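Single-structure report; data block below.
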DNA sequence: AGAATAGTGTCTGTCAGACATTATCTG
DNA sequence: CAGATAATGTCTGACAGACACTATTCT
């Protein structure tokens with residue numbers, strides 16, 4: 001196995017919806033290489049850890065958020081020979097979705113940045129970020145994952161704002177309401193309603209057991 | 001970076017449709033560990049290779065098939081601490097789809113096995129295989145990838161048999177024909193028709209430029 | 001002629017998109 | 001009472017599922 005020696009890191013694409021926009025958690029690197037540049041949070045896999053364990057640990061260290069209750073999945077691996085000047089480093093990108101508001105205190109050493117306004121990132125992290133955002137956008141179509149962006153309990157409007165922020169489109173509130181409330185197991189109605197705020201109080205829902213959406217909620221067909 | 005030293009391998013899930021069934025390419029291991037057991041083809045990433053290059057090289061070595069012309073994509077990484085008795089080895093699973101008939105001579109040192117009849121595999125390769133099959137099944141829904149399983153040129157019936165084999169369902173020929181021929185860029189009609197064979201000759205098609213299916217072709221809703 | 005396979009047409013139910021109105025709160 | 005937000009109902013068009021018939025070849 002000589003000549004086949006890699007260091008392995010886990011990189012996190014932590015997404016949330018704040019102020020009606022999809023935002024990603026970035027950290028400023030303190031050490032070389034790329035000291036001072038913005039990067040995705042992450043770190044090396046420890047000797048006895050599996051990849052998801054490393055990702056969960058880094059998520060907890062960087063945000064104070066603990067699994068379960070937050071979506072975390074592997075995105076893919078990046079191993080171009082020259083992606084790290086220190087030598088061969090394989091990075092395993094992970095996607096984490098956290099609810100808005102569960103993290104209103106700015107996370108330790110990091111800050112939120114709208115994904116469309118993110119400048120250059122260290123290493124190949126811009127590519128990993130792009131892949132993570134596209135994965136999130138795609139999964140909203142055919143899973144109930146959007147609810148992972150909402151604190152519990154939530155209103156239908158909050159959930160709709162998630163779709164609008166992630167996809168960057170406007171959605172008809174009436175059709176959206178019909179879709180999500182008629183999908184069994186997506187939203188579980190509670191007896192409570194919103195109390196503070198202008199207008200008619202909204203019914204509050206909790207996340208249901210459904211994980212897939214049948215039929216899916218389709219974005220606009222991408223122009224061929 | 002001490003204590004964070006991995007060997008990195010690429011594992012291939014090479015799928016094809018033969019005899020109306022989805023089949024996977026397996027090899028019998030000659031060396032320890034797991035000597036004599038069945039496994040997915042694969043090997044170590046070389047010093048200057050990126051992951052997809054390794055996968056393409058292994059595919060060519062194992063089957064004699066060269067890119068381009070065959071679908072090859074990364075599945076994900078597997079790095080449980082005890083998955084390889086030699087130490088920490090991170091395996092990057094890849095999915096390859098090859099047309100039936102492009103490989104009728106049994107591939108070098110390997111053989112085809114129907115995915116549902118595959119017994120135990122070395123390492124965690126059974127998990128990688130399951131993930132690869134599920135990825136292929138899912139992608140047939142919303143991409144034109146099924147055409148990658150067909151030699152060119154192909155008939156609509158050949159393409160339908162691919163869906164039936166991969167999903168394990170029966171599909172109405174009339175509705176299927178309407179769907180695929182009315183999706184722009186999925187199948188490009190040619191002037192030719194099948195010559196040998198009983199029955200009315202079928203029109204021959206080539207793969208079109210479309211990569212996504214809008215709207216998708218949905219499998220049965222999986223029971224929640 | 002008959003068997004085998006390819007290809008087309010129609011009906012129907014489901015569902016997404018478009019759109020107007022009613023309901024219930026705060027200030 | 002006015003403004004704001006939530007919730008519901010109807011119409012229409014696109015499309016998938018079910019189903020019967022015609023077309024073209026080989027034996």
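Chains as they are written, first to last, in the UniProt record's numbering: chain A, 1 to 224; chain B, 1 to 224. Idealized CB from N, CA, C, for every residue including glycine. Since this is a predicted model, take the numbers as computed values, not measurements.
- Around the Cβ of residue 165 (chain B), a 10 Å sphere holds 16 or more other Cβ atoms; the residue is buried.
- In this structure, the alpha-carbon of residue 139 (chain A) lies about 37 Å from that of residue 86 (chain B).
- Near chain B, meaning a CB-to-CB distance below 8 Å, the residues of the region 160-188 of chain A are 184 and 185.
- Residue 92 (chain A) reaches chain B at 77, counting residues in chain order whose Cβ is nearer than 7 Å.
- In this structure, residue 117 (chain B) keeps its C-beta atom at 8 Å or more from the C-beta atom of residue 218 (chain B).
- Scanning B:56, B:37, B:66 and B:12 for the CA closest to the CA of residue 76 (chain B) turns up B:12.
- Each residue's CA atom was taken as its position, placing residue 111 (chain B) and residue 25 (chain B) some 6 Å apart.
- Taken in chain order, the complete beta strand (DSSP E) segments of 3 residues or longer contained in the UniProt domain "Nudix hydrolase" (3-135) of chain A are 7-18, 21-28, 42-44, 71-78, 89-97 and 110-114.
- In the DSSP assignment, residue 191 (chain B) falls within the beta strand (DSSP E) that extends over 187-193.
- Distances from the CA of residue 156 (chain B) to each of B:35, B:48, B:175 and B:168 were compared; the closest alpha carbon is that of B:175.
- Within chain A, 79, 80 and 81 have C-beta atoms less than 7 Å from the C-beta of residue 50 (chain B), given in sequence order.
- In the three-state DSSP reduction, residue 140 (chain B) falls in the helix class (H, G or I).
- Per DSSP, the beta-bridge partners of residue 205 (chain A) are A:154 and A:189.
- The contact set of residue 127 (chain B) on chain A, defined by CB atoms closer than 7 Å, is empty, because the minimum CB distance reaches about 12 Å.
- Boundaries of the alpha helix (DSSP H) around residue 181 (chain A): 173-182.
- Beta-bridge partners assigned by DSSP to residue 212 (chain B): B:143.
- Taking C-beta separations shorter than 6 Å and ignoring five residues to either side along the sequence, the partners of residue 54 (chain B) in its chain run 10 and 45, following chain order.
- At a Cβ-Cβ threshold of 8 Å, residue 194 (chain A) and residue 205 (chain A) do not count as neighbours.
- In the structure shown, residue 170 (chain A) falls within a coil segment according to DSSP collapsed to helix, strand and coil.
- Look at the beta carbons and you see the region 177-191 of chain A touching the region 146-162 of chain A: at least three pairs across the two are nearer than 8 Å.
- Within the model, the alpha-carbon separation for residue 202 (chain B) versus residue 91 (chain B) is close to 44 Å.
- By the neighbour-count definition (other C-beta atoms within 10 Å, threshold 16), residue 16 (chain B) is a buried residue.
- Excluding sequence positions up to five before and after residue 149 (chain A), its CB lies within less than 7 Å of the CB of 16, 17, 97, 99, 100 and 162, all in the same chain and listed in chain order.
- Annotated as distal: residue 58 (chain B) and residue 36 (chain B), with beta-carbon spacing of 8 Å or more.
- When DSSP states are grouped into helix, strand and coil, residue 159 (chain A) belongs to the helix group.
- Among the CB atoms of chain B, one or more fall inside 8 Å of the CB of residue 218 (chain A).
- Using a Cβ-Cβ cut-off of 8 Å, residue 41 (chain B) does not count as an interface residue toward chain A, since no Cβ of chain A sits closer than that to its own.
- Closest by C-alpha distance to residue 7 (chain A), out of A:172, A:84, A:31 and A:20, is A:84.
- Residue nearest to residue 147 (chain A) within the set A:200, A:134, A:122 and A:186 is A:186 (criterion: CA-CA distance).
- Taking 8 Å as the upper bound for CB-CB distance, residue 22 (chain B) and residue 120 (chain B) are not in contact here, some 19 Å apart.
- Interface annotation, residue 85 (chain B): not in contact with chain A, CB-CB separation never under 8 Å.
- Around the Cβ of residue 200 (chain B), a 10 Å sphere holds fewer than 16 other Cβ atoms; the residue is exposed.
- In the structure shown, the three-state DSSP call for residue 164 (chain B) is helix.
- Residue 5 (chain A) has a beta carbon lying within less than 8 Å of a beta carbon in chain B.
- Within the region 17-36 of chain A, no residue has its Cβ closer than 9 Å to any Cβ of chain B.
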